[in-house]
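Participant: Please read through the structure below; I'll follow up with questions.
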Amino acid sequence: RTNQLGARTGISAINSGFTTLAWQLVGVTRHLADGQFYLQGQPITTTLNGGMTNPVTCGVGVKKLLIGIYDTETLGWWNGRIALPRIWDRELSDEEMLQIFNLEKHWFGV
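When you line the sequence shown up against the working numbering, it's residues 351 to 460, in that order.
Next up, the structure:
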């Protein structure tokens, strides 16, 4: 499975470490044009393809956030469940991502 994060001109992807048919906490933080993925509260290797666009400075019409679908909005729909998506107005630290995982993992039997 590949999970992607991006804004039109850039994509970040993670493609390993996933257990199929099991709930997993996947998170991402972004600082300007840099993204970091987390799996089960731990930072994991993130592959940047051309960097990421900062949605605050990229111009009108490009500030979309898509969850569970590829950028074209017609391809790559997520065929599964996404529970409790949340967005913060600041970058979370590694420690905060781990704390969220530890506080919520019991909801999903992880």
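In this text, a Cβ means the ideal position worked out from N, Cα and C, and glycines have one as well.
Nothing here was measured: the structure is a model prediction, and the numbers come from that model.
1) Kindly indicate which residue of 450, 373, 381 and 458 has the alpha-carbon position closest to the one of residue 391.
2) Assuming residue 419 and residue 432 make a contact with CB atoms under 8 Å, what is their CB distance in whole Å?
3) Residue 436: which of 454, 460 and 370 sits nearest, CA to CA?
4) Apply the 10 Å Cβ neighbour rule to residue 379 and answer buried if 16 or more other Cβ atoms are within range, or exposed otherwise.
5) Please report the distance separating the alpha-carbon of residue 395 from that of residue 387.
6) Looking only at DSSP bridge pairs, what is residue 377 linked to?
7) Report buried or exposed for residue 385, applying the criterion of at least 16 other Cβ atoms within 10 angstroms of its Cβ.
8) Taking its Cβ as the centre, do 16 or more other Cβ atoms sit within 10 Å of residue 382, making it buried, or is it exposed?
Facilitator: Checking against the coordinates, here is how it stands:
1) 450
2) Rounded, the Cβ-Cβ distance is 11 Å, inconsistent with contact.
3) 454
4) buried
5) 7 Å
6) 388
7) buried
8) exposed
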